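Engineer:
Residue numbers (the numbering used here), protein chains in the order written: chain A, 1 to 207; chain B, 1001 to 1207.
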């Protein structure tokens, strides 16, 4: 049997493998999950794939950044900045627009946001220049904001980012606050890590 | 303020929400993961989305079923059926093409496959008519197969499917086998469930 007759033997199809490799790039998606997702799509048939294609094309075509706060937006302004019934004296700084969504779901905050687009991580190539800080400073200088709430993640990088933002913002706003640390609701004290418990104790409030 | 002036306030963008809803349909992907995936895509920018679009379009355009074994294929025949150096006397029945890939990765089996396209699940609308059994029977009747290896999943539905296939195939093949049950390699005995340990004991082999 010569080489021309012998079909090339590979495990899996190239087009399937390519799709699996792309799905692997998603955060939290390993090879196994990616494979399961692609095979699921293939089982669903062409309509399901077409539907997903249209949705992704829509994302690529329509969704950009809000020119004011860098939140996801389908036009110039996001749906938050477009809403003039919110409290313009409150500005909340978050790392990503997913954090904004989480705070919106909580339902308490009625001010505006500023999305940094990440967190400080010098080793990962994220310096202050990579974050949306220039626009934040300009917004603060405009003088509308009286309280800046820093809502970065309670991680080492999030904390570093919070400190950086606080230093920059301190001369520009009357009140500079950050989210409280403490026990998560519904959790059990005995399973809390020490640092959370430390923060919950240090930040204890009068009953 | 009248209704026409007031912007509609919704949490999230419609195009983003639509994509999230579609990602939620993947097995093992919840709302949170879907949201994280879509936001990841949006952070990556248009090129990443375009790349994924092309890969998915490729899937939809190119990938179909092998006319012989129902494995995924880019042409008429899959890469297994296209390979005439495999052992035509061995046929292995699996539920899905992902199971075929898993067996291929194990590297021991050198015969051909038949992909059922699911498992019996009468309550879920999967009866024998929904499985690729007619083509399996035709293949067995052609007389090439001397051993049929049933490699359905070790679940209740997989077992039921195995019994159904065995009953159909028994008069048509000389040897009818199924994968061994027992301890998974690398596991620890103390963490094994009883039924696996029962099977491992019942199927014990001479040292």
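For every residue, glycine included, the Cβ atom is placed at its ideal position computed from N, Cα and C. Small disclaimer: the values here were computed from a predicted structure and weren't measured.
#1: Which residues bound the beta strand (DSSP E) around residue 149 of chain A?
#2: Assess contact between the stretch 188-196 of chain A and the stretch 35-52 of chain A, defined as three or more Cβ pairs (one per stretch) separated by less than 8 Å. Is contact present?
#3: List, in order along the chain, the chain A residues whose C-beta lies closer than 8 Å to that of residue 1027 of chain B?
#4: Listing by chain order, which chain B residues have their CB less than 7 Å from the CB of residue 87 of chain A?
#5: With distances taken from CA atoms, which of A:70, A:183, A:110, A:158 is nearest residue 139 of chain A?
#6: So what's residue 115 of chain A in DSSP terms, helix, strand or just coil?
#7: From what residue to what residue does the alpha helix (DSSP H) around residue 31 of chain A run?
#8: Residues of chain B with a CB under 7 Å from the CB of residue 62 of chain A: which are they?
#9: What does residue 58 of chain A touch in chain B if you count any residue whose Cβ is under 8 Å from its own?
#10: Quick one: which residues of the stretch 89-109 of chain A get their C-beta closer than 9 Å to a C-beta of chain E? List them in chain order.
#11: Take every Cβ of the stretch 1013-1024 of chain B, pair it with every Cβ of the stretch 53-62 of chain A, and state whether three or more of those distances are shorter than 8 Å.
#12: Taking the alpha-carbon of residue 1136 of chain B as reference, which of B:1126, B:1155, B:1116 has the nearest alpha-carbon?
#13: Could you tell me whether the Cβ of residue 1049 of chain B comes closer than 8 Å to any Cβ of chain A?
#14: Is the Cβ of residue 1074 of chain B closer than 8 Å to any Cβ of chain A?
#15: Measure the alpha-carbon distance for residue 1009 of chain B versus residue 82 of chain A and round it to whole angstroms.
#16: Looking only at C-alpha atoms, which of A:34, A:114, A:156 sits nearest to residue 77 of chain A?
#17: Grouping DSSP H, G and I as helix and E and B as strand, with all else coil, what is residue 1098 of chain B?
#18: Would you say residue 1033 of chain B reaches chain A, if we count a Cβ-Cβ gap shorter than 8 Å as a contact?
#19: Check whether the Cβ atoms of residue 1160 of chain B and residue 1176 of chain B lie closer than 8 Å to each other.
#20: Measure the C-alpha to C-alpha separation of residue 28 of chain A and residue 1026 of chain B and round it to an integer number of angstroms.
#21: Could you check the C-alpha separation between residue 1023 of chain B and residue 1118 of chain B for me, to the nearest Å?
#22: Cutting at 8 Å between CB atoms, please list the residues of its own chain near residue 1007 of chain B, excluding the five before and the five after it.
#23: What's the C-alpha gap between residue 127 of chain A and residue 164 of chain A?
#24: To the nearest angstrom, how far is the alpha carbon of residue 89 of chain A from that of residue 47 of chain A?
#25: So which residues of chain A does residue 1022 of chain B contact, with C-beta pairs closer than 7 Å?
#26: From residue 153 of chain A to residue 1155 of chain B, what distance separates their C-alpha atoms?
Structural biologist: With the given structure in hand:
#1: 147-150 is the extent of the beta strand (DSSP E) around residue 149 of chain A.
#2: They do not touch, by the three-pair rule.
#3: Neighbours of residue 1027 of chain B in chain A, taken as residues at a C-beta separation under 8 Å, are given in chain order as 36, 37, 40.
#4: Simply none; closest approach about 14 Å.
#5: Looking at the Cα atoms, A:70 is the closest of the given residues.
#6: The answer is strand: DSSP assigns residue 115 of chain A an E or B state.
#7: Here the alpha helix (DSSP H) through residue 31 of chain A covers 31-44.
#8: For residue 62 of chain A, the chain B residues whose C-beta falls within less than 7 Å of its own C-beta are 1015, listed in chain order.
#9: Per Cβ cutoff of 8 Å: 1015, 1018, 1019.
#10: Of the protein chains in this structure, namely A and B, none is chain E.
#11: Output reads yes: the stretch 53-62 of chain A touches the stretch 1013-1024 of chain B.
#12: Ranking B:1126, B:1155, B:1116 by Cα distance to residue 1136 of chain B puts B:1116 first.
#13: Chain A has a Cβ within less than 8 Å of the Cβ of residue 1049 of chain B.
#14: Yes, residue 1074 of chain B lies at the interface with chain A (some Cβ there is under 8 Å from its Cβ).
#15: Because the pLDDT at residue 1009 of chain B is just 39, under 50, the model does not fix this residue reliably, and the value given afterwards should be weighed accordingly. Their Cα atoms are separated by approximately 9 Å.
#16: Nearest of A:34, A:114, A:156 to residue 77 of chain A, Cα basis: A:114.
#17: Residue state, collapsed to three classes: helix.
#18: It does: the Cβ of residue 1033 of chain B has a partner Cβ on chain A nearer than 8 Å.
#19: No, Cβ-Cβ distance for residue 1160 of chain B and residue 1176 of chain B is not below 8 Å.
#20: Rounded to whole angstroms, residue 28 of chain A to residue 1026 of chain B spans 14 Å at the Cα level.
#21: A direct Cα-Cα distance of roughly 22 Å separates residue 1023 of chain B from residue 1118 of chain B.
#22: Low local confidence applies: a pLDDT of 39 at residue 1007 of chain B is under 50, so the model's placement there is unreliable, and no value is given.
#23: Using only the alpha carbons, I get a separation of about 11 Å.
#24: If I take the Cα positions, the gap works out to 48 Å.
#25: Within chain A, the C-beta atoms nearer than 7 Å to that of residue 1022 of chain B come from 51, 52, 55, in chain order.
#26: Annotation: residue 153 of chain A to residue 1155 of chain B spans about 42 Å, alpha carbon to alpha carbon.
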